[in-house]
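Student: Mind looking over this structure? Questions follow.
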Amino acid sequence: MKIGIVGAGPSGLYAGILLSKRFDVNIFEEHKVVGLPEHCTGLVTQDVIKRSKKDVVLNKIRGAKIFHGERYFTIEKKDVAAYVIDRVSFEKNFFDEIGDRVNLDTRVKEIKFGSNFMIRTNRGEFSSDILIAADGPRSSIRGYVSNSKTILLNGIQAIMKKEIEDEYVNIFLDRRYSSGFFAWAVPREDDMLVGLATYDNKPLLRLKYLTKDRFGGLEQRRLIGGQIPIGILRKHSRDRIYLTGDAALLVKATSGGGLYYGLLGSEILSDSIINGKSYEKGLSEALRELRRDYIIHKIFSSLRDKEIEKVILSIGHRSVIDEINKYGDIDHPSLVARRLILNKNFMNIYPIILISILRSGIEMFI
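Throughout the sequence shown, residue numbering follows my numbering, covering 190 to 555 in sequence.
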């Protein structure tokens, strides 16, 4: 059986590695090299790192400093909470395993449907019995499978001289830096990534505010950018077409991170194809967490600066921080959210949360 995979990002490459053990796999990538253009912060847990056969760790993170205006609080683990990886090397490690199946500099122009798929590219036509879309947040194939609403956040990052502590990520919640999301500074081995994602079309302007306000206008060595898909699809497969990674919106809406669930989705997809299982049923547990993340994101994205300030004051209470330190998990943020709801020091912001829910609209309950 022939399997065609559109997109040689981490999800597409990983699906190809798993499926190539049993099937004839062809991967199509429009860029000349994998891993570029770079657009990911690379903040992940051990669950992601263990899928790479080579060391890609640039830094180890113990906690985060959360800022809003002049206020901030710190959350931290006793041990490592997350890792900053070399995202380009991570992707190239996958490529090294399956590079002979990857068609680089090959753009898919058209897909013809029939008893099999005919994939027309700038380098010729290829037939396939199964089609996997791993073509990113702006997937051209997603519409064949699902018409669910997809919103794209505009992200931008600057690589700058490191001016923060090695073991702590900085998070900035000010609406001046982001409309509906947040900004960050992530320390790497020899530099730091300072960036943000926003719902509006002013990411570069907001980055200027961020770097000027928080880092005194430090020189930006290089800018990188990309888009983050936000939403939940009702369908991820149809008539031998499957979606994975950003194309399937397997992205945590709370953080914008897609590596963990993208790779998990590719594992579930590969298992479903090899063993004749339902892909949708296989995804069900992951989707439950992603739906919770989406609801949390919708609540936060509707908060205004004065409301965020009140939330910060509430979260800054010692008992609330202790809950976050104990139960916080960047791959499963709803775990700590459920604990916080029951914390008596968190209850005073219930009215703010309710107002934000009403402001968000009924679409959050999907």
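Just so it is clear, CB atoms sit at the ideal spot from N, CA and C, and this is done for glycine as well.
How far does the alpha helix (DSSP H) with residue 392 in it reach, from first residue to last?
Tutor: Residue 392 -> alpha helix (DSSP H) spans 392-404.
Student: Assuming contact is defined by CB atoms lying nearer than 8 Å, are residue 425 and residue 472 in contact in what I supplied?
Tutor: In contact: residue 425 and residue 472 (Cβ atoms closer than 8 Å).
Student: Assuming the contact rule is C-beta atoms closer than 8 Å, residue 451 and residue 226 should be a hit. Round their C-beta distance to whole Å, please.
Tutor: About 17 Å separates the two Cβ atoms, so there is no contact after all.
Student: So what does DSSP say about residue 510, is it helix, strand or coil?
Tutor: Residue 510: helix per DSSP, three-state reduction.
Student: Measuring only the C-alpha atoms, how far is residue 611 from residue 383?
Tutor: Nothing about residue 611 can be read from this structure; the chain reaches only from 190 to 555.
Student: Taking 8 Å as the cut-off, decide whether the C-beta atoms of residue 294 and residue 221 are in contact.
Tutor: Their beta carbons are under 8 Å apart, which means residue 294 touches residue 221 by this criterion.
Student: Taking the alpha-carbon positions, what's the residue 206 to residue 539 distance?
Tutor: The straight-line gap from Cα to Cα measures roughly 47 Å.
Student: Do you know offhand how far residue 333's Cα is from residue 522's?
Tutor: Cα-Cα distance, rounded: 31 Å.
Student: Give me, in chain order, the residues of the same chain whose beta-carbon lies closer than 7 Å to that of residue 512; leave out the 5 immediate sequence neighbours on both sides.
Tutor: 525, 528, 529 and 532.
Student: What does the alpha-carbon distance come out to for the pair residue 298 and residue 416?
Tutor: Each residue's Cα considered, the two are about 22 Å apart.
Student: Taking only the alpha-carbon atoms, compute the straight-line gap between residue 283 and residue 541 and give it to the nearest angstrom.
Tutor: Rounded to the nearest angstrom, the two C-alpha atoms are 45 Å apart.
Student: At the level of alpha carbons, what is the spacing between residue 553 and residue 371?
Tutor: Note that residue 553 scores 45 on pLDDT, short of 50, meaning its location in the model is unreliable and no value can be drawn from it.
Student: CB residue 223 to CB residue 274, shorter than 8 Å?
Tutor: No.
Student: Within 10 Å of its beta-carbon, does residue 551 have 16 or more other beta-carbons around it, so buried, or fewer, so exposed?
Tutor: The pLDDT assigned to residue 551 is 47, lower than 50, so where the model puts this residue is not dependable; a value taken from the coordinates is nonetheless given after this. Exposed is the call here.
Student: Figure out for me which residue from 422, 479, 238 and 364 has the closest Cα to the Cα of residue 276.
Tutor: The shortest C-alpha separation from residue 276 is found at 238.
Student: Return the Cβ separation of residue 456 and residue 248 in integer angstroms, given the expectation that the two are a contact with Cβ distance under 8 Å.
Tutor: Between residue 248 and residue 456 the Cβ distance is about 26 Å, and since that is not below 8 Å, they are no contact.
Student: Rounded C-beta distance between residue 325 and residue 231? I'm assuming under 8 Å.
Tutor: Not confirmed; about 17 Å, so no contact.
Student: Quick one: what's residue 386 bridged to in DSSP?
Tutor: Paired residues: 344.
Student: With a Cβ-Cβ cutoff of 8 Å, do residue 163 and residue 280 count as a contact?
Tutor: Residue coverage of the chain in this structure runs from 190 to 555, which leaves residue 163 outside it and unanswerable.
Student: Only counting the same chain, and skipping five residues up and downstream in sequence, which positions put a Cβ closer than 7 Å to that of residue 435?
Tutor: Same-chain partners within the cutoff: 325, 326, 418, 447 and 451.
Student: Under a three-way DSSP split, which group does residue 442 fall into?
Tutor: DSSP places residue 442 in coil when its eight states are reduced to three.
Student: Terminal residues of the continuous alpha helix (DSSP H) containing residue 497?
Tutor: Residue 497 -> alpha helix (DSSP H) spans 494-504.
Student: What does the Cβ neighbour count give for residue 406, buried or exposed, with the cut at 16 atoms within 10 Å?
Tutor: Exposed, because fewer than 16 other Cβ atoms sit within 10 Å of the Cβ of residue 406.
Student: Let me know if residue 547 comes out buried or exposed under the rule of 16 or more other beta-carbons within 10 Å of its beta-carbon.
Tutor: By the neighbour-count rule (16 or more Cβ atoms within 10 Å), residue 547 is not buried but exposed.
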